[in-house]
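Undergrad: Residue numbering for the sequence shown follows the numbering used here, starting at 76 and increasing by one per position. Just so it is clear, CB atoms sit at the ideal spot from N, CA and C, and this is done for glycine as well. Since we're looking at a predicted model, the values are computed, not measured. If you scroll down you'll find the structure; I have some questions about it.
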Amino acid sequence: MSAPETPPSAAYDSAFLKACRREPVPHTPVWFMRQAGRSLPEYRKVREGIPMLESCMRPELVTEITLQPVRRHNVDAAIYYSDIVVPLKAIGIDLDIRPGVGPVVENPIRTRADLAQLRDLTPEDVSYVTEAIGLLTRELGPTPLIGFAGAPFTLASYLVEGGPSRTYENAKAMMYGDPELWADLLDRLAEITAVFLKVQIEAGASAVQLFDSWAGALAPVDYRRSVLPASAKVFKAVEGYGVPRIHFGVGCGELLKLMGEAGADVVGVDWRVPLDEAARRVGPGKALQGNLDPTVLFASTEAVEAKTREVLDSAEGLEGHVFNLGHGVMPSTDPDALTRLVEYVHAHTTR
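What follows is the structure, given as structure tokens:
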């Protein structure tokens, strides 16, 4: 797949894309990770009885779920409804998303022979993604659509551990004990991830986010040596399209500069590091995204507004700022709290 720069879309002059490009904005744009999901009763209704991975493969259902928070909250961007393991499922990895557990891999990758499970991803493997994004961009009009994928390290951690882990002992054992196998695993995952993002961009996504959800488990020296090259390969593969590239991880305060160096235009920041300090760590030439603690939304409206002002004050003077939570929306969050938060940020930052 080639990487021609995409022509300007209807969303090109949106506040979200302007902020990503570090251009002046009419107001600080807002979207939320996991804005389409279990916090919404309309989501629970349309998903009823449909397994998670199956729901990601039904274009009309994906379209409806992706649009729900845009309609309800008036956010400045939609994020494509999917899951980070979708491309792995598409190439035939035997895995499932178990309720209350997460992705579970039947045959974990532990040896070089196991790498044979990871064949190349083709656009035909995920034709439902192309179809869904086509439907979405027609519905969204000037509202940008963010495509996304899991970063190689996070995908590798699931594949090697066989499921979620708190300690990543198997993944780290491979990283430290067999660095050549580890590098080959991440390189192959980088190629799969790059194709998955290219499919989304070519179908009409206006920006992409790479989620390295578990990178916070790594020391900077290990990230630089054993993870950054694969993430950089993904970002380089989509550079030619000219769409903003966002990089996000949890607990990555010590890695922020490196995550920017991997090739991101926008660095996502969780709630642990104030945005002004994050800007100092990342360095110039990058926009920042974040970073209200998701649990703040369980407090009173006055408390939410006070904490939101802290975030906005910390972002004062940044080259570009996209308001978001420091991680995803929690399932038991009151949707009305999110709607009020969007209204507050828009009103408080109107230029």
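Which class does asparagine 366 belong to by DSSP, given the choice of helix, strand or coil?
TA: As a position in the sequence shown, residue 366 is number 291, starting the count at 1. DSSP places asparagine 366 in strand when its eight states are reduced to three.
Undergrad: Given a cut-off of 7 Å on the beta-carbon distance, is the pair valine 105 and valine 417 in contact?
TA: Reading the sequence shown from its first residue, position 30 is the one you call residue 105. Reading the sequence shown from its first residue, position 342 is the one you call residue 417. Taking 7 Å as the Cβ cut-off, valine 105 and valine 417 qualify as a contacting pair.
Undergrad: Valine 309 and alanine 265 - do their beta-carbons sit closer together than 7 Å?
TA: Here residue 265 refers to the residue found at position 190 when the sequence shown is read from its first residue. Here residue 309 refers to the residue found at position 234 when the sequence shown is read from its first residue. Yes, Cβ-Cβ distance for alanine 265 and valine 309 is below 7 Å.
Undergrad: What does the alpha-carbon distance come out to for the pair phenylalanine 228 and alanine 269?
TA: Taking the first residue of the sequence shown as position 1, residue 228 is located at position 153. Taking the first residue of the sequence shown as position 1, residue 269 is located at position 194. If you take the alpha carbons of phenylalanine 228 and alanine 269, they lie about 14 Å apart.
Undergrad: Provide the residue span of the beta strand (DSSP E) that contains isoleucine 184, from first to last.
TA: Counting from one through the sequence shown, the residue named residue 184 turns up at place 109. That residue, isoleucine 184, is in no beta strand (DSSP E); it is neither H nor E in DSSP.
Undergrad: Please identify the residue among Lys311, Gly238, Lys332 and Arg263 whose C-alpha is closest to the C-alpha of tryptophan 289.
TA: Numbered from its first residue, the sequence shown carries residue 289 at position 214. When only C-alpha atoms are compared, the closest one is Gly238.
Undergrad: For glutamate 395 versus alanine 362, is the C-beta distance shorter than 7 Å?
TA: Here residue 395 is taken as the residue at index 320 of the sequence shown, counted from 1. Here residue 362 is taken as the residue at index 287 of the sequence shown, counted from 1. The amino acid at residue 395 is misidentified as glutamate; the sequence shows glycine. Contact flag set, yes.
Undergrad: Would you check if the distance between the CB atom of serine 301 and the CB atom of methionine 334 is smaller than 7 Å?
TA: For the purposes of this step, residue 301 is identified with residue 226 of the sequence shown, where counting begins at 1. For the purposes of this step, residue 334 is identified with residue 259 of the sequence shown, where counting begins at 1. Their beta carbons are not under 7 Å apart, which means serine 301 does not touch methionine 334 by this criterion.
Undergrad: What span of residues does the beta strand (DSSP E) with isoleucine 168 cover, start to end?
TA: Taking the first residue of the sequence shown as 1, we reach residue 168 at position 93. Unbroken run through isoleucine 168: none, as it is neither H nor E.
Undergrad: Take threonine 138 as the anchor and find which of Leu400, Leu211 and Leu230 has the nearest alpha-carbon.
TA: For the purposes of this step, residue 138 is taken as residue 63 along the sequence shown, with counting starting at 1. It is Leu211 whose Cα lies nearest to the Cα of threonine 138.
Undergrad: For a test of the three-state rule: what should DSSP assign to leucine 285, helix, strand or coil?
TA: Indexing the sequence shown from 1 puts residue 285 at position 210. Three-state DSSP puts leucine 285 in a strand.
Undergrad: Using only CA atoms, which one of Arg356, Ala381, Ala246 and Val357 lies nearest to aspartate 368?
TA: Against the sequence shown, residue 368 aligns to sequence position 293. Closest by alpha carbon: Ala381.
Undergrad: Output yes or no for whether 7 Å exceeds the beta carbon distance between alanine 90 and proline 101.
TA: Here the question's residue 90 lines up with position 15 in the sequence shown. Here the question's residue 101 lines up with position 26 in the sequence shown. Result yes, Cβ atoms of alanine 90 and proline 101 sit closer than 7 Å.
Undergrad: In its own chain, which residues sit with a C-beta less than 7 Å from the C-beta of isoleucine 184, not counting the 5 before and 5 after it?
TA: Counting from one through the sequence shown, the residue named residue 184 turns up at place 109. Cβ within range, chain order: Leu190, Gln192, Leu234, Val235 and Leu260.
Undergrad: Establish whether the CB of histidine 402 and some CB of chain C are separated by less than 7 Å.
TA: Absent from the structure is chain C; it holds one protein chain and no more.
Undergrad: Using the C-alpha atoms, what's the distance from arginine 173 back to arginine 122?
TA: Counting from 1 along the sequence shown, the entry for residue 122 is found at position 47. Counting from 1 along the sequence shown, the entry for residue 173 is found at position 98. So the two alpha carbons sit approximately 15 Å from each other.
Undergrad: Under DSSP, the beta strand (DSSP E) around arginine 113 begins and ends at which residues?
TA: Here residue 113 refers to the residue found at position 38 when the sequence shown is read from its first residue. Where arginine 113 is concerned, there is no enclosing beta strand (DSSP E), given that its DSSP letter is neither H nor E.
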